[in-house]
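Heads up, the thing below is written out as structure tokens.
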Amino acid sequence: MSASAAGLRRTAASVHLSTRRKAKDRAFTIFLWACGVLAMLPLLFITGYVMAKGLSALNIDFFTKEPAAPGQSGGGIVQSFIGTGLIVGMAVLFSVPLGLLAGVYLSEYGNGKLASVVRFVAEILLSTPSIVAGAFIWAVVVVALGSFSAFAGAIALTVIMWPIIARATEEILRLVSEDLREGALALGLPRWKVILRVVIPTAGAGVFTAIMLAVARGLGETAPILLTALGNDFINVHPSQPTDALPLRIYEYARTPVASQHAIGWGGALMLLLGVLLLSITARVLSNRQQRRTR
Amino acid sequence: MARSRLGDRTFRGVSALAAVGLLGLLGLMLWVLASGGSRAFAKFGFGFLTGRNWNPVFGREQFGALPFIFGTLVTSAVALALAVPVAVGLAILLNEVHSGWLRDPLAVFVDLLAAIPSVVYGLWGLYVMKPLFDHRVEPFLTKTVGKVPVIGALFRGNPNGGDLFTAGVILAIMILPIITAVTREVVAVVPRDLREAAKALGATRYETVRYAVLPYARSGIVGASILGLGRALGETIAVSLVVGNGLGIGASLFRPGFTIPAVIASEFREATNIGVHRSALLALAVVLVAIALVMAALSRLFIRRSAKLISGGPPAGERERPAIQVAR
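Those sequence lines, one after another, are chains A and B.
FYI, in my numbering the residues of the first sequence are 44 to 338.
FYI, in my numbering the residues of the second sequence are 232 to 559.
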């Protein structure tokens, strides 16, 4: 602290701007804007390149056919779309109720010691690498059931999405004004009805946003699904069988030497990127609107 | 009355169950990984962490994790060294430079960068960034920085093929948003009075940031960086596509490396319980979790310290909800 005080004193002593100070300030501003430009480039480059490469791969076959034999042209990755829908759909089914309820507990009943422990644990789970979640479910579900499966993939995604939804829900419910709760309680409503009928509907769009962001995250996760659902060249809708997913297919096609598969990989990357960005942007717009309304 | 009390109790119980479930989840995860990895730890002991040979062929099994630990730490360090200055500059740009039409789109852009799936980064890194680095960036660095004594050793070597440096750069892009976001939160809660006092003394923008803002935000920035480091350590797919999958250890960044997540992802299929291969991979996961946990705890500590330093500054009414959530 004393160092900065001395710095300010030095600054104050030379009230007229010396050219050296001016130059330093100019250089600093240039550095800041350079950081801004530098940060913008990757998104532009990546989305631009994926669009350019991916668009040419999209056709009817891409969305309706299973993969062609390596080296042969044509074919699609319909099984990846179906598999991703199956795995992420199941994961949403598991993680949304669990996450919502946990978030409600932390926000509405969470003043005790238990809640602060849960909060801490949720944060640890959030910072656990996603491959660890995959290895965990691999060791439990896959090894126990003796097979890679869509179900195991959904459980692995649940491990990731549950704490995300819980923490986000808690933060959003805390924004709901205390007056609303007290007013409803004063009318004689029991607490659980206050939560379900007043608190959650008030925060509705925000909760929905949190779920969308969690789904966007789950949609793009590759490592945990790789360890649990494994992938599949054919359409599979049975939860107990190995199942393909869009990120897995892209990963596999990235690593093959077959050029025709690279093209399809770029097409898959384009679809995945579109899905994830669409979810993120919609969530952002919704939460902005919500913020404006509560203010 | 009695019915609603029953309803209250049930609802509270069910929601508490979902919350405590998170505790159970973490406990189960740690137990499963630890007990799964125990055979490898038992067989190789401390040598598991220091050994340099990794041979999963049954009968000649040898599992030493040092090359993976080395690769994980080196790629993350490169990522941090590149991402932190840019992230801090960006956070200051977004918070302190209040004019300009570019600011809002820039914030959105950085947020969206965080949304791009890791496999898309990997695909792009493998087919766009890697060739560029092989033919242009790395030879250029060898010719210039490579001649500088001491640090030059980092930039010498064969630039062809995937290597630690390329993986570090792609990690830097991936962790930029999280470090920027947390740094922005920390910088935003530095009291206005301080800035205005500095400006009233005639300080330039640089001096205001340097002497009034950064001293307060410093430990928060360290926390943000450690948070980013945690992300980098665990990143799997993008890294595994560009890191080159080599077991060597040395000074050069231009050599193929391997990371803990990458080796788990590439070997779990063949890993059976006949030997200790499966156990060794789970033991690697334990090492990764241990590093990630330490990083998470450290980053919490630093961010909290920054928040404490700041709290007590602004009038209570101005911050009903602290920008940095600190669970007590």
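Glycine residues also receive a C-beta, built at the ideal position from the N, C-alpha and C atoms.
Item                                                                                                                 : Value
Where the segment 240-265 of chain B meets chain A: residues whose CB sits under 8 Å from a CB there                 : T241, F242, R243, V245, S246, A247, L248, A249, A250, V251, G252, L253, L254, L256, L257, L259, M260, V263, L264
Nearest to R283(B) (by Cα), restricted to the options I300(B), L512(B), L343(B)                                      : I300(B)
Residues that A338(B) contacts on chain A, provided the C-beta gap is smaller than 8 Å                               : Simply none; closest approach about 10 Å.
First and last residue of the uninterrupted alpha helix (DSSP H) at E225(A)                                          : 221-229
Member of E501(B), V245(B), L529(B) whose CA lies at the smallest distance from the CA of V186(A)                    : E501(B)
Proximal chain B residues relative to S192(A), where beta-carbon distance stays under 7 Å                            : Simply none; closest approach about 15 Å.
Minimum Cβ-Cβ distance from R270(B) to chain A less than 8 Å                                                         : no
F294(B) - DSSP class collapsed to helix/strand/coil                                                                  : strand
First through last residue of the alpha helix (DSSP H) which encompasses Y92(A)                                      : 62-98
S456(B) at chain A interface by Cβ criterion, 8 Å                                                                    : no
Neighbouring residues, chain B, relative to L263(A) (Cβ below 9 Å)                                                   : In the sequence as presented, Leu is not what sits at residue 263(A); that position holds Gly. Chain B residues near G263(A): A346, I347, P348, S349, V350, V351.
Any C-beta of chain B under 8 Å from that of P282(A)                                                                 : no
Integer-rounded CB distance, given that V350(B) should sit under 8 Å from Y294(A)                                    : 5 Å
Pairwise C-alpha distance: G454(B) and F485(B)                                                                       : 29 Å
Reference V175(A), options V494(B), N504(B), I534(B), L532(B), closest by Cα                                         : V494(B)
Top-ranked residue by Cα proximity to F272(B), from L445(B), V251(B), A322(B), G295(B)                               : G295(B)
The segment 511-525 of chain B in contact with the segment 425-433 of chain B per 3-pair CB rule at 8 Å              : no
9 Å Cβ cut-off: residues of chain B touching F251(A)                                                                 : Simply none; closest approach about 17 Å.
Cα-Cα separation between R387(B) and L320(A), rounded to whole angstroms                                             : 39 Å
Exposed unless 16 or more other CB atoms sit within 10 angstroms - verdict on I215(A)                                : buried
Presumed contact (8 Å Cβ cut-off) between I134(A) and T201(A), rounded CB distance                                   : With the sequence shown as reference, residue 134(A) is identified as Ala, and Ile is not the correct amino acid for it. The Cβ separation is near 5 Å, so the contact holds.
Limits of the unbroken alpha helix (DSSP H) element including T411(B)                                                : 395-419
As assigned by DSSP and simplified to three states, the class of T467(B)                                             : coil
Neighbour-count burial assignment, V376(B), 16 or more Cβ in a 10 Å radius                                           : exposed
Distance between V245(B) and P138(A) (C-alpha atoms, nearest Å)                                                      : Correcting the residue identity first, residue 138(A) is Ser in this sequence and not Pro. Each residue's Cα considered, the two are about 15 Å apart.
Contact set between A527(B) and chain A, taken where Cβ atoms lie within less than 9 Å                               : E166, I167, L169, S170, T171
Amino acids of chain A, ordered along the chain, whose beta-carbon sits closer than 7 Å to that of A523(B)           : S170, T171, P172
C-beta neighbour in chain A for R536(B), strict 8 Å                                                                  : no
Nonlocal neighbours in the same chain, by C-beta distance under 7 Å from F289(B), ignoring five residues either side : I505, G506
Residue-level contact to chain C via CB, S323(A), 8 Å cutoff                                                         : Protein chains in the displayed structure are A and B, and chain C is not among them.
Reference A247(B); option with closest CA among S323(A), S283(A), L143(A)                                            : L143(A)
Chain B contact for D276(A) (CB, 8 Å cutoff)                                                                         : no
Residues within the segment 353-364 of chain B neighbouring chain A, beta-carbon criterion of under 8 Å              : G353, L354, W355, L357, Y358, V359
Start-to-end residues for the alpha helix (DSSP H) that takes in I278(A)                                             : Element bounds for I278(A): n/a, residue is neither H nor E.
Euclidean distance between Cα positions of I180(A) and S173(A)                                                       : 11 Å
Opposing strand residues paired with W285(B) [DSSP bridges]                                                          : F294(B)
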